[in-house]
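First the structure, in the form of structure tokens, and then the observations on it.
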Amino acid sequence: MIININEKKSIRSAYGKTLVKLGQENKNIVVLDADLACSTQTAMFAKEFPERFFDAGISEQDMIATAAGLASVGKIPFVSSFAMFATGRTYDQIRNSVCYPEFNVKIVATHGGITVGEDGASHQALEDIALMRNIPNMKVIVPADCNECIQVIEYAAKHYGPMYIRLPRTNVCDIFDEDYKFDFSKARVLNAGSDVTVVTNGETLAEVLIASETLAQSGYSVNVVHVPVVKPIDSTVIIEEAKKTGFVITVENHSVIGGLGSAVCEILSEYNPVPVHRIGIEDTFGQSGTTGELLDYYGLNSVRLSENIKNKIDKYRLNK
0 MIININEKKS IRSAYGKTLV KLGQENKNIV VLDADLACST QTAMFAKEFP ERFFDAGISE
60 QDMIATAAGL ASVGKIPFVS SFAMFATGRT YDQIRNSVCY PEFNVKIVAT HGGITVGEDG
120 ASHQALEDIA LMRNIPNMKV IVPADCNECI QVIEYAAKHY GPMYIRLPRT NVCDIFDEDY
180 KFDFSKARVL NAGSDVTVVT NGETLAEVLI ASETLAQSGY SVNVVHVPVV KPIDSTVIIE
240 EAKKTGFVIT VENHSVIGGL GSAVCEILSE YNPVPVHRIG IEDTFGQSGT TGELLDYYGL
300 NSVRLSENIK NKIDKYRLNK
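In this text, residue positions in the sequence shown follow our numbering: the first is 0, and each later residue adds one.
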């Protein structure tokens, strides 16, 4: 699979356009934002359907509670803000007002992870997936490109229940072509390999695929598994692919605590114990910097990943 890193598209724009399309198809869809509609791209929906758009201002807790109320009378609320604010400031409302009664609220958070960039630690959500996958009834999805994002949003509109969908601030490469079909219940093997199974999702998927191509030139065979749905996670594919290589690495733009890496470790420790190495943000806050600088500093770009994965494979071979 060849990734063109020079051609990137706005995944937030794909979200905004999909909301408008869905709004035209279903009058019960409403959208709420917390004074960030231009950044989250929900402004597109606001322009098209002003009577079905609600700006809560800088009052995220009220926004979630209002969405729960709208859901209780049959509306399908899509709620957006930065991931830091959509999950951290609103945890109590999400837990008790959305997930406990299992209301049909879709929380689509943008600006997830370290790639928020210059806004710094206060705006870089590195704990959001951990918070959301911890709550009963919540589903957690992290799409990797615009095509997948569109399909995920369409899926969310058609299927009942609370969902957390995490999008990055950054533009993303096209990974999936027009034949790709998002499957809520399935992880996907995108690159078959025998040395290590690398499990990832979101914007780090492109970096991992590029790293795997680089490593192939040096004789390393990397098995790449894309897991867009972190909860409920596809344990079957993860176990099957771990058995093939006997060694797993997880890569995520999130803390190594409580996110995708933790979910994979939970599955494998119980059903197929193998060595697992987690690559992500190591129990620390982020910092201000450009996206490129931060990806490099935290070891999440393709260059740093290829070095790290190679070293981990070499170490695993020595210890076998």
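Heads up, the beta-carbon is just placed ideally off N, CA and C, and yes, glycines get one too.
Checklist line | Proximal residues to T83 (C-beta, below 6 Å), its chain only, five neighbours per side dropped | finding: Counting from 1 along the sequence shown, the entry for residue 83 is found at position 84. According to the sequence as given, residue 83 is Met; it is not Thr. Cβ-Cβ distances below 6 Å link M83 to H122 and A124 in the same chain, with the five nearest sequence neighbours on each side left out; the list follows chain order.
Next item on the list: Quick one: residues in its chain with C-beta nearer than 6 Å to the C-beta of A13, no 5 flanking neighbours on either side, listed in chain order?
Entry: The residue you call residue 13 lines up with position 14 of the sequence shown. So the list reads C145, C148 and I149, once near-sequence residues are dropped.
Item checked: Every unbroken beta strand (DSSP E) inside the stretch 141-229 [3 residues or more] -> For the stretch 141-229, whole beta strand (DSSP E) runs of length 3 or above, ordered along the chain, are 162-165, 187-190, 195-199 and 221-225.
Checklist line | Backbone CA spacing between V236 and K46 [nearest angstrom] | finding: Along the sequence shown, one-based indexing puts residue 236 at 237. Along the sequence shown, one-based indexing puts residue 46 at 47. CA-CA distance, V236 to K46, rounds to 42 Å.
Checklist line | Span of the beta strand (DSSP E) around F81 | finding: To locate residue 81, count along the sequence shown from 1; it is residue 82. Boundaries of the beta strand (DSSP E) harbouring F81: I75 to F81, taken from the DSSP string.
Checklist line | Residue environment, T290, which counts as buried when at least 16 other CB atoms sit within 10 Å | finding: Against the sequence shown, residue 290 aligns to sequence position 291. Classification of T290: buried, given that the 10 Å Cβ count is 16 or more.
Check: Assuming T114 and E206 make a contact with CB atoms under 8 Å, what is their CB distance in whole Å?
Finding: By one-based count along the sequence shown, residue 114 stands at place 115. By one-based count along the sequence shown, residue 206 stands at place 207. Contact flag wrong, Cβ pair sits at about 11 Å.
Item checked: Helix, strand or coil at I266 according to DSSP, with G and I counted as helix -> Numbered from 1 along the sequence shown, position 267 holds the residue referred to as residue 266. Here I266 sits in helix by DSSP.
Note to self: Do A129 and I280 count as a contact pair if the criterion is CB distance below 9 Å?
What the structure shows: For this step, residue 280 is matched to residue 281 along the sequence shown. For this step, residue 129 is matched to residue 130 along the sequence shown. In this structure, I280 lies away from A129, with their beta-carbon atoms at least 9 Å apart.
Check: With distances taken from CA atoms, which of I232, G68, E59 and I308 is nearest I209?
Finding: Your numbering for residue 209 matches position 210 in the sequence shown. Comparing Cα-Cα distances from I209 to each of I232, G68, E59 and I308, the minimum goes to I308.
Check: What is the DSSP secondary structure of T244, counted as helix, strand or coil?
Finding: Locating residue 244 in the sequence shown gives position 245, counting from the first residue. In the structure shown, T244 sits in a helix (DSSP, three-state: H, G or I).
Item checked: Three-state secondary structure assigned by DSSP to G15 -> Residue numbering aside, residue 15 sits at position 16 when the sequence shown is read from its first letter. Residue state for G15 is assigned as helix, using DSSP reduced to three classes.
Item checked: Proximity of A85 and A64 at Cβ, strictly below 9 Å -> Residue 85 sits at position 86 when you count from the first residue of the sequence shown. Residue 64 sits at position 65 when you count from the first residue of the sequence shown. Contact: no.
Note to self: Using 8 Å for Cβ pairs, my map puts R303 next to D295. What's the rounded Cβ distance?
What the structure shows: Here residue 303 corresponds to residue number 304 of the sequence shown, with the count starting at 1. Here residue 295 corresponds to residue number 296 of the sequence shown, with the count starting at 1. In this structure R303 is in contact with D295, their Cβ atoms being roughly 6 Å apart against a cut-off of 8 Å.
Checklist line | Beta-carbon proximity check, N136 vs C98, cutoff 9 Å | finding: Residue 136 sits at position 137 when you count from the first residue of the sequence shown. Residue 98 sits at position 99 when you count from the first residue of the sequence shown. Yes, Cβ-Cβ distance for N136 and C98 is below 9 Å.
Notebook entry, point to check: From K242, F52, G112 and A215, pick the residue whose C-alpha is nearest to that of V19; which is it?
Noted result: Numbered from its first residue, the sequence shown carries residue 19 at position 20. With distances taken between Cα atoms, V19 lies closest to F52.
Checklist line | Bounding residues of the beta strand (DSSP E) (the contiguous stretch that carries A108) | finding: Indexing the sequence shown from 1 puts residue 108 at position 109. From DSSP, the beta strand (DSSP E) with A108 extends over K105 to T109.
Check: Would a check of beta-carbon distances place R165 closer than 9 Å to chain B?
Finding: The displayed structure is made up of one protein chain only, and chain B is not part of it.
Item checked: Cβ neighbours of D34 in the same chain (closer than 7 Å, five flanking residues each side left out) -> Indexing the sequence shown from 1 puts residue 34 at position 35. Same-chain partners within the cutoff: D54, G56 and I57.
Next item on the list: Using only alpha-carbon positions, find the residue among A70, V229, M62 and Y315 that is nearest to Y90.
Entry: Stepping through the sequence shown from its first residue, residue 90 is reached at position 91. When C-alpha distances from Y90 are compared across A70, V229, M62 and Y315, the shortest belongs to M62.
Check: Under 9 Å between the Cβ atoms of V228 and V197?
Finding: In the sequence shown, counting from the first residue as 1, residue 228 sits at position 229. In the sequence shown, counting from the first residue as 1, residue 197 sits at position 198. No; because the gap between Cβ atoms is not below 9 Å, this pair is not in contact.
Item checked: Rounded separation between I75 and N25 - CA only -> Indexing the sequence shown from 1 puts residue 75 at position 76. Indexing the sequence shown from 1 puts residue 25 at position 26. Using only the alpha carbons, I get a separation of about 9 Å.
Check: Closest by CA to R277, which one among S261, F48 and D127?
Finding: Position 278 of the sequence shown, counted from the start, is the residue given in the question as residue 277. Cα-wise, what sits closest to R277 is S261.
Next item on the list: Going by CA-CA distance only, name the one from S71, K7, R11 and E6 that's closest to R165.
Entry: Taking the first residue of the sequence shown as 1, we reach residue 165 at position 166. Nearest in C-alpha terms to R165, of all of S71, K7, R11 and E6, is R11.
Next item on the list: Return the residue from the list R168, V104 and R316 that minimises the CA-CA distance to A155.
Entry: As a position in the sequence shown, residue 155 is number 156, starting the count at 1. Measuring from the Cα of A155, the nearest candidate turns out to be V104.
Checklist line | Close Cβ partners of D194 (< 6 Å) along its chain, the five nearest in sequence each way excluded | finding: By 1-based counting over the sequence shown, the position of residue 194 is 195. Within the same chain, and ignoring the five residues on either side of D194 in sequence, the residues whose Cβ sits closer than 6 Å to its Cβ are Y219, S220 and I312.
Notebook entry, point to check: Which residues in the same chain as S96 place their Cβ atom closer than 7 Å to its Cβ, once the five residues preceding and following it in sequence are excluded?
Noted result: As a position in the sequence shown, residue 96 is number 97, starting the count at 1. For S96, where only same-chain residues beyond five positions count, the Cβ hits under 7 Å are I63, A64 and A67.
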